[in-house]
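Peer 1: This is the structure I want to talk about, given as structure tokens.
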Amino acid sequence: MKRIGGIIEGLILQAVGAYAGALVFFGDYWRFLNPKFKWLTGATAAMLLIIGTVSIFKPNRRSSLSRIIIFLLFLRVFTVGVTGSISFANFLSGFSGKEQIEEKSRLMLNGLEYIKINLVELSLLCGTPESEKTANRYVVRGIVRRNQELDSLGQFALMRISVFCCLADAVAMGFRVQYDRPDEFADGQWVEVYGTVKRLPQKLPDPHLYTRGMLLTILFDFHLLVPDKVLLIREPGIPFMFDFRKEEPYAY
Amino acid sequence: MDQNLKVFCSTVIAIFLEASPFLFLGSLLSALVELYLPEDKIARLLPKGKLLGLGYGLFAGMLIPTCECGVVSIVKRFLKKGVPPHVAITYMLSAPVINPLVLAATYIAFQGNIWMVLGRASLVAGCAACLGWAMSGINPALLLRQSDNESLFDHARSACGHADKHNAPHPRLGTVRDCGCYSEGRGQSALTQVLLRTASEFLDMGKYLILGGIVVGSLRISLPQELLLVFRENVFLSVGAMMLLAILVSVCSEADAFVAAAFSTFPAVARLSFVAIGPMVDLKLAFMYGAFFRKRIALALVAVPIAIVYFSSILLGMLIR
Chain A
1 MKRIGGIIEG LILQAVGAYA GALVFFGDYW RFLNPKFKWL TGATAAMLLI
51 IGTVSIFKPN RRSSLSRIII FLLFLRVFTV GVTGSISFAN FLSGFSGKEQ
101 IEEKSRLMLN GLEYIKINLV ELSLLCGTPE SEKTANRYVV RGIVRRNQEL
151 DSLGQFALMR ISVFCCLADA VAMGFRVQYD RPDEFADGQW VEVYGTVKRL
201 PQKLPDPHLY TRGMLLTILF DFHLLVPDKV LLIREPGIPF MFDFRKEEPY
251 AY
Chain B
1001 MDQNLKVFCS TVIAIFLEAS PFLFLGSLLS ALVELYLPED KIARLLPKGK
1051 LLGLGYGLFA GMLIPTCECG VVSIVKRFLK KGVPPHVAIT YMLSAPVINP
1101 LVLAATYIAF QGNIWMVLGR ASLVAGCAAC LGWAMSGINP ALLLRQSDNE
1151 SLFDHARSAC GHADKHNAPH PRLGTVRDCG CYSEGRGQSA LTQVLLRTAS
1201 EFLDMGKYLI LGGIVVGSLR ISLPQELLLV FRENVFLSVG AMMLLAILVS
1251 VCSEADAFVA AAFSTFPAVA RLSFVAIGPM VDLKLAFMYG AFFRKRIALA
1301 LVAVPIAIVY FSSILLGMLI R
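Protein chains in written order, with my numbering: chain A, 1 to 252; chain B, 1001 to 1321.
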């Protein structure tokens, strides 16, 4: 009986390794972790497959029922969690995690040049004394978030989720956008905002925006985006922000 | 799929995948210590004095960057091998923070604020040294719970029942005792023994990581964000709230500084308390402490860092003001 338990534990280790490997090669890895850690998860998956195989052929005679039950529960959670996010098409995106980085660092619109930047990078710029940088024109993208408080001020929030390591540390971050007709956009729509950043003399009141499943929702309260143009866009392939740079080309 | 279920599953998977490389490395190191580092060698390597021992623990923490999930496994093995608690416990609590990787991440996250880096390192090192000092006289074996899942190489379960010292595993006979008996690992190559021990350790520690992840995932969908923001104006409450958050969300020590930095509306000491307590006490660690240490020790490992970090942060907050 103990021998069977040991074999089951070996199979569990193999299954965990196979799932993790599949997520690295064929899955939407970014939904769980920063893509820069793909190689680390891939290496761990390979090691789990190896120790799982050894455990099957030389089963541990002191296997434990609690370990088996808890890991089986985890495999169930894994199955539910990755449903729909593993496909062969993802294999082509490779290991690099660079799928979010685009080549051109600037865009032209109506004869004006805009620097492509993501919301975290823009917030970092606003936090530095290099105020001349915030005088540039930028293009940022994110999700429209609206509520009554923002609507009454003629504003909407442009939010995006930033992830440093894994989803457990994910934070929703964004800027307010001054827009006279916020009702042109629905909550949750993806938009690209072309414009400038305006520093405010005093802090804006908290509009009480919260994002489901996030540790925190941060709306920068001393800065406002003043758009030249707001365009509806399709959701990017990887909607989260993983890469934050202090110089051009920004990760966008 | 229901949105809450999606968030829950994604959080559990993310926490496990993020920690699994470190858990694996910790298990591997633990297996190597178990099989290749005899007690007498450890006794020769370690200093006799308490102060020097604490210094050794801290220094090891700086040299060997270990995530909080992997370090418990290594320290458990150290204690079984007779490493004095003041060295092992100091190492366990300090290693996830006072290594160059995490300190550099803290520096970057707080945009070059060296005081935040120094404050974090001092608070964690101070906590680790205090607990190490307090446990210095205790027999290492008395710190650990009697495990219900001793390894296939442990003496107490060996065929002959001897409880003598381990030697390095014999290539054909397995782990040979001083008396000439050999354990259940006989006939297995050294590599096989290392891999089997690693597998067993990984499953043992992973079990508690998963339980911790499940609790964190459940909190993610049930904890109202707005509740936390109520406390931000008051130092006493904000420090407590940020510490509670660090314990509940169990963010890895390499990423927690970025999360803390994002709480820009909270007082600096509250953010400091967040990055100081998380790597020493969080939900997944609490499960691991409870599983491997005796009840009183596990309680001390949770309560003492909380008390030290809370009161030090408050004091610091008053001094800054």
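For each residue, glycine too, the CB sits at the ideal point set by N, CA and C.
Bear in mind that the values here come from a model prediction, so they are computed numbers and not experimental data.
(1) Just to make sure I have the definition right: I need the residues of chain B whose C-beta is within less than 7 angstroms of the C-beta of Tyr210(A). Which are they?
(2) Would you say Thr1066(B) faces chain A, with C-beta separation under 7 angstroms as the test?
(3) Look at the alpha carbon of Gly1206(B) and the alpha carbon of Ser1027(B), and state the distance between them as a whole number of angstroms.
(4) Going by the beta-carbon positions, is the gap between Ser55(A) and Gly10(A) smaller than 7 angstroms?
(5) Applying the criterion that 16 or more other CB atoms from any shown protein chain within 10 Å of the CB defines a buried residue, is Val1087(B) buried or exposed?
(6) Where does the unbroken beta strand (DSSP E) through Thr217(A) begin, and where does it stop?
(7) State yes or no: is the beta carbon of Pro1267(B) nearer than 7 angstroms to at least one beta carbon in chain A?
(8) How is Thr1198(B) classed by DSSP in three states: helix, strand or coil?
(9) Look at the alpha carbon of Pro1139(B) and the alpha carbon of Lys1081(B), and state the distance between them as a whole number of angstroms.
(10) Taking C-beta pairs closer than 7 angstroms, name the residues in chain E that Phe1263(B) reaches, listed in chain order.
(11) Please confirm if Ser123(A) has its CB atom under 7 angstroms from at least one CB of chain B.
(12) Below 8 angstroms on the Cβ atoms is my guess for Cys1127(B) versus Met1280(B); work out the distance and round it to an integer in Å.
(13) Applying the 10 Å Cβ sphere with the 16-neighbour rule, what's the burial state of Gly52(A)?
(14) Based on the DSSP secondary-structure assignment, which residues constitute the bridge partners of Gln155(A)?
(15) Going by C-alpha to C-alpha distance, which of Ile1308(B), Ala1199(B), Ser1222(B), Ala1241(B) sits closest to Ser1122(B)?
(16) In whole angstroms, give me the CA-to-CA distance for Val16(A) and Phe185(A).
(17) Return the CA-CA distance between Thr1192(B) and Ile1108(B), expressed in angstroms with no decimal places.
(18) Assign Ile1064(B) to one of three DSSP states: helix, strand, or coil.
(19) Would you kindly work out how many angstroms separate the C-alpha atoms of Gly1240(B) and Phe1266(B), rounded to a whole number?
(20) Verify the CB distance criterion: does Phe1292(B) have a CB-CB separation below 7 angstroms to chain A?
(21) Looking only at its chain, what residues have a beta carbon closer than 7 angstroms to the beta carbon of Ser1238(B), apart from the 5 residues adjacent to it on each side?
(22) Provide the residue span of the beta strand (DSSP E) that contains Ile117(A), from first to last.
(23) Where are the alpha helix (DSSP H) runs, 4 residues long or more, that stay fully inside the region 1242–1285 of chain B, in chain order?
(24) For Ile1306(B), which option in Lys1295(B), Phe1022(B), Ala1246(B) has the closest C-alpha, if you only look at C-alpha atoms?
(25) Using a Cβ-Cβ cutoff of 9 angstroms, what residues of the region 1234–1256 of chain B are near chain A? List them in chain order.
(26) When you compare the CB positions of Val163(A) and Phe242(A), do they come within less than 7 angstroms of one another, or not?
(27) In the region 45–71 of chain A, which residues sit with their C-beta less than 8 angstroms from some C-beta in chain B, listed in chain order?
(28) In terms of residue numbering, what span does the alpha helix (DSSP H) encompassing Lys1006(B) cover?
(29) If I measure Cβ to Cβ from Leu200(A) and keep anything under 7 angstroms in the same chain, skipping five residues before and after, which residues do I get?
(30) Please compile the residues from chain A whose C-beta is within a distance smaller than 7 angstroms of the C-beta of Phe1016(B).
(31) Roughly how many angstroms lie between the CA atoms of Leu215(A) and Pro1047(B), to the nearest whole one?
(32) Less than 7 angstroms between CB atoms is the rule here; does Ala1190(B) satisfy it with respect to chain A?
(33) Considering only DSSP beta bridges, list what Gly142(A) is partnered with.
Peer 2: So, from the listed chains and residues:
(1) Residues of chain B passing the Cβ test: Gln1225, Glu1226.
(2) no
(3) 10 angstroms
(4) Result yes, Cβ atoms of Ser55(A) and Gly10(A) sit closer than 7 angstroms.
(5) Buried, by the Cβ-count rule.
(6) 217–232
(7) Chain A, which has no Cβ nearer than 7 angstroms to the Cβ of Pro1267(B), makes this no.
(8) helix
(9) Just to set this straight, residue 1139(B) is Asn in the shown sequence, not Pro. Spanning the two alpha carbons is a distance of roughly 11 angstroms.
(10) The chain inventory of the structure shown lacks chain E, comprising the protein chains A and B.
(11) Not one chain B Cβ lies under 7 angstroms of Ser123(A).
(12) Right, the Cβ-Cβ distance comes to about 6 angstroms (below 8 angstroms), so this counts as a contact.
(13) buried
(14) Gln178(A)
(15) Out of Ile1308(B), Ala1199(B), Ser1222(B), Ala1241(B), Ile1308(B) has the C-alpha closest to the C-alpha of Ser1122(B).
(16) 43 angstroms
(17) 42 angstroms
(18) coil
(19) Gly1240(B) and Phe1266(B): Cα-Cα distance of roughly 12 angstroms.
(20) Phe1292(B) has a beta carbon lying at 7 angstroms or more from every beta carbon in chain A.
(21) Phe1231, Arg1232, Phe1266, Pro1267, Ala1270
(22) Taken as a continuous stretch (DSSP letters only), Ile117(A) belongs to no beta strand (DSSP E), as it is neither H nor E.
(23) 1256–1262, 1268–1277
(24) Ala1246(B)
(25) Those would be Leu1245, Val1249, Ser1250, Val1251, Cys1252, Glu1254, Ala1255, Asp1256, in chain order.
(26) yes
(27) Identification of residues in the region 45–71 of chain A having a C-beta nearer than 8 angstroms to some C-beta of chain B yields Met47, Leu48, Ile50, Ile51, Gly52, Val54, Ser55, Lys58, Asn60, Arg61, Arg62, Ser64, Ser66, Arg67, Ile70, Phe71, given in sequence order.
(28) 1003–1036
(29) Phe222, His223, Leu224
(30) Phe74
(31) 44 angstroms
(32) no
(33) The partner list for Gly142(A) (beta bridge, DSSP) reads Val191(A).
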